[in-house]
Structure formats: C-alpha cells, structure tokens
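**Student:** Protein chains in written order, with our numbering: chain A, 1 to 445; chain B, 1001 to 1507. Cβ coordinates follow ideal geometry from the N, Cα and C atoms, glycine included.
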Amino acid sequence: MRFIPVTCEEQVEMLVRIGVDSVDALFEDIPGDARLARPLGVPDGMTEIELAAHLESLAARNSDGSRVVSFLGAGVYDHYIPAIVDAVVSKPAFFTAYTPYQPEVSQGTLQAVYEYQSMICQLTGMEVSNASMYDGATAFAEAALMAARVTKRGRVVVSGAVHPEWREVLATYVESGTLDVVEVPASGGVTDAAAVAAVVDDSTAALMVTSPTWYGTLEDLTALGVLAHDAGALFVVGTNPILLGVMEPPASYGADIVVGEGQPLGNAISFGGPGLGIFACHKAHIRQMPGRIAGRTTDVDGRPGFVLTFSTREQHIRREKATSNICSNHALNALASGVYLAALGTHGLAGIGEACIAKAHYLEDALVGCGCFERVYGAPFANEFTLRYRGEVADMQTRLLERGFLAGLDLGRFDADDAGLVLFAVTERHTREVIDRFVEEVSAL
Amino acid sequence: MSTTPETVAQTATGVPSLGEPLTGTLIFERGAAESRCVEAPALDVPAVSLQEVLGGRTRVVPPALPHVTEVDLARHYEHLASANFGVDSGFYPLGSCTMKYNPKIDEQTCRLPGFARIHPYQPEETVQGAFELMWGLQESLAEVAGLPAVTLQPAAGAHGELTGLLAIRGYHTANGDPRTRVLVPDSAHGTNPATVAMCGYEVVQVPSDERGGVDIEALKALLDTDVAALMLTNPNTVGLFDENILEITSAVHSVGALAYCDGANLNAIMGKSRPGDMGFDALHINLHKTFATPHGGGGPGAGPVAVSAGLAPYLPGPVVGRGADGVLRLVTPERSIGRVRSYLGNFGVLVRAYTYIRAVGGDGLREVSEQAVLSANYLKALLEDAWPVAYDRTCMHEFVMSGGALRKATGVRTLDVAKRLLDYGIHPPTVYFPLIVDEALMVEPTETEGKATLDRFAAVLRHIAQEATEDPDLLHGAPYTTPVRRLDEAAAVKNADVAWRPDGAEA
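Here it is, written out as structure tokens:
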C-alpha cells in the first residue's frame, strides 16, 4: 500500500522548482559513511486485502476473550464496552487530531477533556484531575515525585500490597537517586499498619497504597490516612474507578493524590495497553501536578470555550524545571472513559459495580464451597479476590485452559512467597451459568 | 469581519444539531434526571449487602455523572467533533509532529478481538500471534534504526527518552561511575531537558552554529568524563541533517559518553541513513509520528527505544525473545533498569504501527522519507522569497521560517499568522519553536499531502504576508471563522475552572 498522493510527473515538477535533478541530491548533507547503501531489510509491502488476512491470521493465534472465559484481572479488566464508546473514539476529528495547542480548532478535544476531568473529580472526590497519564503505574510513580515536590521531602513509603509492576515502575523512576523508596510488607493481604507507623516520619513525603490491593483486598484507608497525615506526609491512594459508583471515594479518607488505571472505564484490555493513568489531587497542589489540564474560559466575543491551562508547569515551557517530562498523554483513552461514564451515568456505574461485587462473592463462595480452594485473607474484597488452591496451581490452570478457562492469576509467578495463591477477577460479563460451569470444571479436576 | 452566527441559547435538556454554534453546553447539562443509556443487566446471582461485604465502605453521596440517552451522547460528541480539526479535516503541517495520514486499515486491525481482547497475563502459548507481531515490529524498528535491540514498552516519545537515558545511566553505573551531566543542544525539544532532570542529571546546553547544526568546537569544549551523554535530534529541530554527525558522535565517544538520538524526525531518513550508522547508541521512535499511528488528540502514542548491543542488557523488561525452540516468550534483559510502565507497552498502538510497516514495506518506507523531504524542499522553494528561512540550506522533511522581519515591518506576530491560517482551513505550523529562531514557524508537510495542497498552502501564506502589510489589524483579530475565537488564557489560570461541579460552585 502507498499513502503518497504526489504523482511521478509532479515529483519532476517539484525537483525542477527546487533546482535539483534528483531526490538523492536532497540527501547530500548525509556523510557517505552514514548512508545506507542497501535496501532496508523490512518485508515487502502488501495490498490491503493481503494485509487484512495477515493480521487476522496473527490475531487468530491468540486465545481472546471471545473464545475463552477469563478470570484474569490484576489491573486490566474485560468489562463490556458500550457501542457508543467506539462510535465516538472512531470519529477522525478526534483520533486524527494533535494535542490541542490551537484551541480555536480543538474545542472538541478540549471540552471532552474538561468533561473527563470533571467525571474523574466526581468519582474520586478530588478537586482537580489532569488530562491523563500513560497508565496507573506511571501515574503512581509521578505521584511520588509530586509528593516530594509538595512536601520538599525525599522519601516515600510504599505498601507491599501494591501491584508489583507499579512498585517496579516507581523503583525505575527514582533509580537515579532522586527519591528514596521504603517498602513496608503486606500482612494478611493488606498493608501492615504497624510497620507503616514504624517507618513513617518527618522525612516522609508520602504514604502510598492502593485499595483494592494487588490481592483484591480493601485497605483500612481511614487508619492509613491518619498515619500519613500525622507525619505531615501526603496520602497517595490508588483506586479502581469501576468501583467508585458504589464505594466511598478516596477523598473521603483524606487522600491527597488519587491515581488509578483507567482502562476499566471503556477501554479494551488490548494486551495491557493503551489504557490511561488517572491522576487527581487538591486544587492547592495544581501547580505541582504533572501533565496537561484543560480549563474553561471565554473567547474575545465572550463565548464559553476551553484551553490547556497552567501550562507553565510543563516541559515545552519550563524545560528542565518542568513538573514532568510527559508530553503525549492518553487523550483518546480519556475520551473513551468520558463517553463510558456518561453512557452509564450514576445509576449504570453503580449497577456495574454492584454486579462485579456480587458475582465475585458468588464465585468466591462457590470455589471455597467446592473444597478446592481455601480462604487466606480476612479483609473484605470487591471485584477481585485471592484464594489458596489445594493442589498444583500450574497443573490446574493448564487443565482448565484445555476446557476453555483462564483460571485466574498464579500469584506465585510474581512472588515465591505467594506460591499456591490464585487471584480471580470477575466482571459484569460473567453470567451465573458461566461461573457455575467453571466451578463444576474445577470440582471435577 | 466576524462571520460568526448569532449564538442560540441552548436549553438545559436540549440536544444540539449539526451546524449549531458551540455553546459550551456540557454533557452534564444535557438529558434529564431519568435519562438512561447503558444499564447493568439484572443480577443473576444472589444480591449481596454492599455495606456488609465491603466492610462499611459503601458510597454515601453518589458521583454526579451525566444522565443522558444514547442519542444525547451521539449528538453531543458529534457536535464536539465538528469543532475539532484533524488530519482528515485538512492540511496539518505541524513541524516536528509528523501529522501524516493515519490509514484506516490500522484502526480495523487493532480492534480484532484476537488483539483487543487478550490479557497481558495470559499463558504465553495462548498469545503467540501477539508475540509474533511484537517480534516482527522489534525487528523492523531495529533495522530502520540500525541498532540491534528494541524495547516496545515506552508509552510515548518522552517516555522513550526517559527509558533510553536510564539505560545509559545503568550502563555508566555498571562501569563504576554514573557521571553527572547530559549535553542538550539549545534547539532541543522541551522534553529533552525535562527528561535529563528526571534522570538526576544536570542539563548543559550546547549552542548551535550559524549553519543550524551543533557548534562542534563548543561541544568539544564541554565534553569531559563527567558527561554521561549527548541528547541530539538528527535531523535536528530546524530540519537539517547535521553534516558533522560522525565527528559529533565520535567526539562524544572519545570521553566515554554515549550518544542519544531523539527520533522525532525519523520520517526524513528511513532507508537513507540509520542512527546506529551515525554513531548513536540509543534512539526513541515515535510510532505516532513516523509510523502513522494517530495522535488521538494528544495520545496514546508509543515510544519504542532501539539501542546498541552494549546497552541491550539495560533495556526495561520484558521484551519478546525467540527461544532456540522457535517459541516466542517474554524475557528480561540481564541488567534491566526495570519496568517503565505496566504490562507490555501500548500494544494497540503497536498493532497499528506493525500494520503500517507491513502495508508499505521496506522500499515503501524509503519512498516515504524521500517524498517527505522532496515535499518540504518544494514548499520551502515556493515560500522562501516571501518568508525568510532560518537556515538557507537544503532541508530534510521540515524547515523553519522566521516571522521576525514581518513583525518588525508590520507588527504582525507569528501567532497572528497562525491564527489567520485557521480562517483558511489550514492548521498552523508549529510556532515559537525551536527557541533559537525568532518568531519561528516550523513547517512539516509530510509525504501524504498532494502537490495541490502544498501549492495552496504557499499561496495562502503569501497572501497572509500581503494582508499583514495592508491591514495588520485583520491579523491581530484572527481567527474569525472558527467555532470559537481567541481564548482568554489568563482568565483560565485566574479562574482555574478545571472541573464542573453539580452546584456550579468552584472547588
């Protein structure tokens, strides 16, 4: 396929106008030793028909959610995506636009971002949301850096019950010694409050936790928030936004920065990306936020309109003194999340949250009831839970895959101490019939 | 001059229609309390007491989300889309951003359930097709880069910069000295110095010479064994290929430092010259520029990083590797700097880029760069007598003009010119960047625009120069035909209205 409209005849006209006799003459600034003297070793092009068949054949080699029943979650959840979401994000005026640096011709993007920010504020209870980060993990890492700027302290305390990949990304971001990270172990599937109390002090910029945790458990955010604030540290809370129609928002527990993986809100799981990073905080800290923010204003005729605002925090203006190096964010995913939340509304989102929670508890009861699994944690959970399998996890998962089930996540893959533990995620898409069939298969092993 | 129709007041529950002027009516202000769009199905399992199972964490005050029907939503977003300008709307010569056409087949392939509904923690044997795609993309990008190892994990260009620089830091640290400084030219993108700071390095600015390249003597004077790396965009941000590139990278290496290439301008050199062959050790590639994936109104992009064999052990894990048995699996490089994001990267974007590469093929990629450079030089030739070019040389895929003389003569600023272009249905070039050019306009036509489009753009810009001379106020007031006119950015900061609230009260 070729996406070049200039014809051969026009190319000649263009060369004449420039005053050179070949295209190669335009590349003469490239020193001989830096030129590529052979064709690129990249496969030949294809027609669209061949290409579609090739990609379909690659896709067909993957066992996707339309062919297997999956109980995998761990930050990425296969919720139903209403048709209107893709109808909106497929509009070329949205997806072929650049960052809205020319607001007069970017009102669609800017208003959609403002509405997204507003919905995230409603969900989390915070006053300000940015236009999105790359994902939950980078939002988490940026929250640590922001907490250090706000408090002018150089150490963060992170719960061992946080998603291991979030903790890894944080470790990478601070590898150069810009910030010290102290990890407190999880105990009983939740943050060990006593261990937190022992390490949080007046050098601590933030206490960082998530609820639900990596294990699906719900933290005692009230107690943890008090521990953070008593030391003058910020309280950073990671959340799963799909639950916030029915669960008390992080702001109610004193969260100073709320982050989260926004994928569950209308974005495909897509092998883990792109989703989006949710990032929200108090208005008092707006100048320390990373990323773009849309704001409402008026034009010279007094008409309402939207612009990118508080830009002096950002790299294109502040360069090495910027709050972050982030430039591209995940605007189209934020648009999808905005449409998703608008489509569901207060009532629909509560219904989805309730369905996930009720079905997760139904499955958990059944798996424990059939005798194959046992409970390990006493803490409450919402849409995801951890059980111990009374047998060989890998063998169980292999045999169930043969029967068309992705039987949860083997947590022993991430931490040897968690060998035998399996994390199950349930969404509103899992019907009782499917859950019952799964439990039957598990019981029959 | 204003052609704006009278604003029609929007009722609180009204649904807009096409052609209706923008009113700023929010989705929250549409629909009615009982309006519903998508609802959860009736529970087919026993209901639970949320208060009980959540241990008292039940929400007291529900979030005030919109209440709308599907038709409200469809019309609302169509209305917003009609106020947006994208590549499909018209010419978008935004320098350094490579706003090329985004093929529609890419949007179809990334939505195949076999890609869109797979989970990153599925067993490897159930996602071999996805790994095959990632492997193929890694191989193609390595070939274009001239660098052997690739990570697909970074989510954007700036994220790629962070990844590459942390890998360089890892390399130096393993050699016993992380070093302290990174050199960045004064013409660099803002992300470069911001990235350097995030990596804990001191930024040292390198001046440009009068031909628009790196001032090589100044560079040599700054190089010592405290320098960890030079971050350089080549072709650079004034659209020129640095003729001294081999001498530059060799000077950098002579003090044990590494050379990092910002790949924002890769669209100029595919199949012509490879950063690895120029002596660079690391390169990030903006798939949302060179490889035609859409910008999405600000993202998502993807910023894979290609590195030399020496840096390969430091890449973030995991990457896709092929075992001796031919099976593809995830492997973590032995001295990995660790993850830079969760999971495997922006896979949906990777599918689009892979689709594009397989569509155009190796020769096609070279043709892309040749046409991008030909079109830029043609446009420069059409304009240079009316619009002084910052560096009067053969350019690569973009060039920078200066509006400094126009401002001096007429008082019309580059900003005014940019706004006036909107009235002619053209997205402005990048303005006021690079910082080293007075009243800069940076023009990147890309290879996907026809000659007639380029001719018209040149004619419009020449006409605008004439308007500036005859009626400067016309340009100071532009634009006139856009959904809204110039917006009050100072008021936006002062009012800090960054989220709607149900009572209308400020936070």
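So, helix, strand or coil for I1027 (chain B), using DSSP?
**Tutor:** In the second sequence, counting from the first residue as 1, residue 1027 (chain B) sits at position 27. Of the three classes helix, strand and coil, the one that applies to I1027 (chain B) here is helix, per DSSP.
**Student:** Does the distance from the C-beta atom of F385 (chain A) to that of E441 (chain A) stay below 8 angstroms?
**Tutor:** If you number the first sequence from 1, residue 385 (chain A) lands on position 385. If you number the first sequence from 1, residue 441 (chain A) lands on position 441. The answer is no: Cβ separation not under 8 angstroms.
**Student:** Since E1425 (chain B) and T1414 (chain B) should fall inside the 8 angstroms C-beta cutoff, what is the C-beta to C-beta distance between them, to a whole number of angstroms?
**Tutor:** Position 425 of the second sequence, counting from 1, holds the residue named residue 1425 (chain B). Position 414 of the second sequence, counting from 1, holds the residue named residue 1414 (chain B). It is Gly, not Glu, that sits at residue 1425 (chain B) in the sequence shown. Not confirmed; about 19 angstroms, so no contact.
**Student:** Taking the alpha carbon of V300 (chain A) as the point to measure from, which residue in B:R1486, B:D1438, B:S1035, B:A1197 has its own alpha carbon closest?
**Tutor:** Sequence index remark: in the first sequence, residue 300 (chain A) carries index 300 (1-based). The shortest C-alpha separation from V300 (chain A) is found at B:R1486.
**Student:** Going by the beta-carbon positions, is the gap between H1295 (chain B) and A228 (chain A) smaller than 8 angstroms?
**Tutor:** In the second sequence, the residue the question calls residue 1295 (chain B) occupies position 295. In the first sequence, the residue the question calls residue 228 (chain A) occupies position 228. No, these two residues do not count as a Cβ contact at 8 angstroms.
**Student:** Quick one: what's got a C-beta closer than 6 angstroms to S443 (chain A)'s C-beta in the same chain, skipping five residues either side?
**Tutor:** Counting from 1 along the first sequence, the entry for residue 443 (chain A) is found at position 443. Hits under 6 angstroms: C370.
**Student:** Is V156 (chain A) near the ligand GDP, judged by its Cβ being under 7 angstroms from some heavy atom?
**Tutor:** Because no ligand of any kind appears in the structure shown, any question about the ligand GDP cannot be addressed here.
**Student:** Compute the distance between the beta-carbons of A425 (chain A) and Y173 (chain A), then report whether it is under 8 angstroms.
**Tutor:** The sequence position of residue 425 (chain A) within the first sequence is 425, counting from 1. The sequence position of residue 173 (chain A) within the first sequence is 173, counting from 1. No, these two residues do not count as a Cβ contact at 8 angstroms.
**Student:** If we ignore side chains and look at the alpha-carbon of each, how far apart do G1160 (chain B) and P1472 (chain B) end up?
**Tutor:** Position 160 of the second sequence, counting from 1, holds the residue named residue 1160 (chain B). Position 472 of the second sequence, counting from 1, holds the residue named residue 1472 (chain B). Their Cα atoms are separated by approximately 43 angstroms.
**Student:** Which residues of chain A have a Cβ atom closer than 7 angstroms to the Cβ of L1043 (chain B), listed in chain order?
**Tutor:** Start at 1 with the first residue of the second sequence, and residue 1043 (chain B) comes out as number 43. Per Cβ cutoff of 7 angstroms: A355, A358.
**Student:** Go through the region 159-243 of chain A residue by residue and report every complete run of the beta strand (DSSP E) that reaches 3 residues or more, in order.
**Tutor:** List check, beta strand (DSSP E) in window: 180-184, 204-210, 234-239.
**Student:** Taking 8 angstroms as the CB-CB limit, is A1505 (chain B) close to chain A?
**Tutor:** Here the question's residue 1505 (chain B) lines up with position 505 in the second sequence. Below a pLDDT of 50, predicted positions are generally treated as unreliable, and A1505 (chain B), at 49, falls in that range; the measurement from the model is reported next regardless. Chain A, which has no Cβ nearer than 8 angstroms to the Cβ of A1505 (chain B), makes this no.
**Student:** Excluding the 5 residues flanking A1505 (chain B) on each side, which residues of the same chain have their C-beta closer than 6 angstroms to its C-beta?
**Tutor:** Position 505 of the second sequence, counted from the start, is the residue given in the question as residue 1505 (chain B). Confidence in A1505 (chain B) is poor, its pLDDT being 49 and thus under 50, which makes the residue's placement unreliable; the coordinate value appears in the next sentence. The answer is none, since no qualifying residue turns up.
**Student:** Which chain A residues sit within Cβ distance under 7 angstroms of T1195 (chain B)?
**Tutor:** As a position in the second sequence, residue 1195 (chain B) is number 195, starting the count at 1. Chain A residues near T1195 (chain B): N325.
**Student:** Just the Cα atoms here: how many angstroms apart are G1055 (chain B) and R390 (chain A)?
**Tutor:** What you label residue 1055 (chain B) is simply residue 55 of the second sequence in a count that begins at 1. What you label residue 390 (chain A) is simply residue 390 of the first sequence in a count that begins at 1. G1055 (chain B) and R390 (chain A): Cα-Cα distance of roughly 27 angstroms.
**Student:** Where A1507 (chain B) and V1498 (chain B) are concerned, what is the direct C-alpha to C-alpha distance, given to the nearest angstrom?
**Tutor:** Taking the first residue of the second sequence as position 1, residue 1507 (chain B) is located at position 507. Taking the first residue of the second sequence as position 1, residue 1498 (chain B) is located at position 498. Low confidence applies here, because A1507 (chain B) scores a pLDDT of 43, under 50, leaving its location unreliable; read the following figure in that light. For A1507 (chain B) and V1498 (chain B), the distance between alpha carbons rounds to 9 angstroms.
**Student:** I need the straight-line Cα distance from D1455 (chain B) to C8 (chain A), nearest angstrom please.
**Tutor:** Mapped onto the second sequence, residue 1455 (chain B) falls at position 455. Mapped onto the first sequence, residue 8 (chain A) falls at position 8. One C-alpha to the other measures close to 16 angstroms.
**Student:** Is the Cβ-Cβ distance between G1323 (chain B) and N62 (chain A) less than 8 angstroms?
**Tutor:** For the purposes of this step, residue 1323 (chain B) is taken as residue 323 along the second sequence, with counting starting at 1. For the purposes of this step, residue 62 (chain A) is taken as residue 62 along the first sequence, with counting starting at 1. In this structure, N62 (chain A) does not lie closer than 8 angstroms to G1323 (chain B) by Cβ.
**Student:** What in chain B is Cβ-close to M46 (chain A), meaning under 8 angstroms?
**Tutor:** In the first sequence, residue 46 (chain A) corresponds to position 46, counting from 1. The answer, in chain order, is R1358, A1359, G1361.
**Student:** Counting along the chain, where does the beta strand (DSSP E) carrying M1527 (chain B) start and finish?
**Tutor:** Look at the range of chain B in this structure, 1001 to 1507, and you will see that residue 1527 (chain B) is not part of it.
**Student:** V393 (chain A): which of A:A59, A:L421, A:I352, A:W166 sits nearest, CA to CA?
**Tutor:** Start at 1 with the first residue of the first sequence, and residue 393 (chain A) comes out as number 393. That would be A:L421, whose Cα lies nearest to the Cα of V393 (chain A).
**Student:** Quick one: is M1198 (chain B) near chain A, going by C-beta distance under 8 angstroms?
**Tutor:** The residue you call residue 1198 (chain B) lines up with position 198 of the second sequence. Interface residue, yes.
**Student:** In whole angstroms, what separates the C-alpha of M1442 (chain B) from that of S1140 (chain B)?
**Tutor:** In the second sequence, the residue the question calls residue 1442 (chain B) occupies position 442. In the second sequence, the residue the question calls residue 1140 (chain B) occupies position 140. Approximately 29 angstroms, taken between the alpha carbons.
**Student:** Can you check which of these residues, A:F279, A:Y80, A:P380, A:E374, is closest to A141 (chain A) by C-alpha distance?
**Tutor:** The residue given as residue 141 (chain A) occupies position 141 in the first sequence. Ranking the options by Cα distance to A141 (chain A), first place goes to A:F279.
**Student:** Going by DSSP, name the residue or residues bridged to C1261 (chain B).
**Tutor:** Walking along the second sequence from the start, residue 1261 (chain B) turns up at place 261. Paired residue(s): B:L1232, B:L1283.
**Student:** Could you check how far apart the C-beta atoms of G160 (chain A) and A186 (chain A) are, in whole angstroms? I think they sit under 8 angstroms.
**Tutor:** For the purposes of this step, residue 160 (chain A) is identified with residue 160 of the first sequence, where counting begins at 1. For the purposes of this step, residue 186 (chain A) is identified with residue 186 of the first sequence, where counting begins at 1. Going by Cβ atoms, the distance from G160 (chain A) to A186 (chain A) rounds to 4 angstroms, so yes, they are a contact pair.
**Student:** State yes or no: is the beta carbon of K1220 (chain B) nearer than 8 angstroms to at least one beta carbon in chain A?
**Tutor:** In the second sequence, counting from the first residue as 1, residue 1220 (chain B) sits at position 220. With 8 angstroms as the cut-off, K1220 (chain B) does not count as an interface residue toward chain A.
**Student:** How far does the alpha helix (DSSP H) with G1362 (chain B) in it extend, from its first residue to its last?
**Tutor:** Taking the first residue of the second sequence as 1, we reach residue 1362 (chain B) at position 362. Its alpha helix (DSSP H) spans residues 1347-1383.
**Student:** Less than 8 angstroms between the beta carbons of H1067 (chain B) and A1040 (chain B), yes or no?
**Tutor:** Translated into positions along the second sequence, residue 1067 (chain B) becomes position 67. Translated into positions along the second sequence, residue 1040 (chain B) becomes position 40. No; because the gap between Cβ atoms is not below 8 angstroms, this pair is not in contact.
**Student:** By Cβ distance, which residues of its chain are closer than 7 angstroms to A1490 (chain B), with the 5 residues on each side in sequence left out?
**Tutor:** Here residue 1490 (chain B) is taken as the residue at index 490 of the second sequence, counted from 1. Counting only Cβ-Cβ distances below 7 angstroms, and skipping sequence neighbours, we find nothing.
**Student:** Please report whether the beta-carbon of G245 (chain A) lies at a distance below 8 angstroms from any beta-carbon of chain B.
**Tutor:** Numbered from its first residue, the first sequence carries residue 245 (chain A) at position 245. G245 (chain A) counts as touching chain B.
**Student:** Kindly list the residues whose CB is nearer than 6 angstroms to the CB of S106 (chain A), restricted to its own chain and excluding five residues on each side of it in sequence; keep chain order.
**Tutor:** Residue 106 (chain A) sits at position 106 when you count from the first residue of the first sequence. Here the set comprises P100.
**Student:** So which residues of chain A does M1278 (chain B) contact, with C-beta pairs closer than 7 angstroms?
**Tutor:** Your numbering for residue 1278 (chain B) matches position 278 in the second sequence. Within 7 angstroms Cβ-Cβ: A34.
**Student:** Using Cβ-Cβ distances below 7 angstroms, what residues of the region 50-69 of chain A are close to chain B?
**Tutor:** Result list: L51, A52, H54, L55, E56, L58, A59, A60, R61, N62, S63, D64, G65, S66.
**Student:** In chain B, which residues lie with their C-beta within 7 angstroms of the C-beta of E526 (chain A)?
**Tutor:** A question about residue 526 (chain A) goes unanswered here, because the residues of chain A that appear run from 1 up to 445.
**Student:** May I ask you to report which of helix, strand or coil DSSP gives Q1010 (chain B)?
**Tutor:** Position 10 of the second sequence, counting from 1, holds the residue named residue 1010 (chain B). A caution first: Q1010 (chain B) carries a pLDDT of 34, below 50, which makes its placement in the model unreliable, though a value can still be read off. In this structure, Q1010 (chain B) counts as coil in the three-state DSSP scheme.
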